[in-house]
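What follows is a set of notes on a single structure, which appears directly below.
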Amino acid sequence: MDAHGVYAELVNTDITSGLEKRLAGSVDVLVVNPPYVPTPEDEVGFEGITSAWAGGENGRSVIDKILPAADNLLSEKGWLYMVTLTANKPSEICLEMRKKGYASRIILQRSTEEESLHIIKFWRDSDSQLELNNLNYWSKLVGN
100 MDAHGVYAEL VNTDITSGLE KRLAGSVDVL VVNPPYVPTP EDEVGFEGIT
150 SAWAGGENGR SVIDKILPAA DNLLSEKGWL YMVTLTANKP SEICLEMRKK
200 GYASRIILQR STEEESLHII KFWRDSDSQL ELNNLNYWSK LVGN
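For the sequence shown, the working numbering assigns the number 100 to the initial residue and increments by one for each residue that follows.
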């Protein structure tokens with residue numbers, strides 16, 4: 100990367116352990132390939148190779164921990180790219196991030212005999228945040 104005049108620091112950590120304060124609001128591109136295979140919940144966090152794929156119920160245990168961490172880490176113009184399976188319910192993941200003010204789009208989809216993978220791109224979207232604020236306002240107004 101030096102040859103191209105690009106600086107990058109690669110970090111391998113348990114989600115964002117120890118990085119939350121240091122990197123809050125400053126990450127421009129976050130690429131995540133979490134353990135996403137649906138497995139029994141007790142397999143999540145196993146030592147060894149199992150930790151590479153064991154995603155718990157619906158494969159969402161690790162994904163659901165990453166979403167709030169990503170919201171904290173991303174800069175105002177930051178992008179999150181996440182690999183998911185169809186079994187992870189990508190539309191629900193996108194809805195969760197929409198509630199946090201993010202737009203999303205599935206930018207790549209690949210299927211094999213065994214799995215259907217998606218790469219989802221998320222970015223902050225002022226329109227979705229405004230929409231959410233209006234929804235919250237009206238919900239409070241009518242008492243819901």
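For glycine and all other residues, C-beta sits at the position ideal for the given N, C-alpha and C.
Asked                                                                                                                                 : Found
With a threshold of 16 other CB atoms inside 10 Å of the CB of residue 148, please say whether the residue is buried or exposed.      : exposed
Do you know offhand how far residue 120's Cα is from residue 212's?                                                                   : 42 Å
So does the region 101–111 actually touch the region 156–163, counting three or more Cβ pairs closer than 8 Å?                        : no
Does the distance from the C-beta atom of residue 167 to that of residue 154 stay below 8 Å?                                          : no
Helix, strand or coil for residue 160 per DSSP?                                                                                       : helix
Determine the burial state of residue 100: buried for a count of at least 16 other Cβ atoms within 10 Å of its Cβ, exposed for fewer. : exposed
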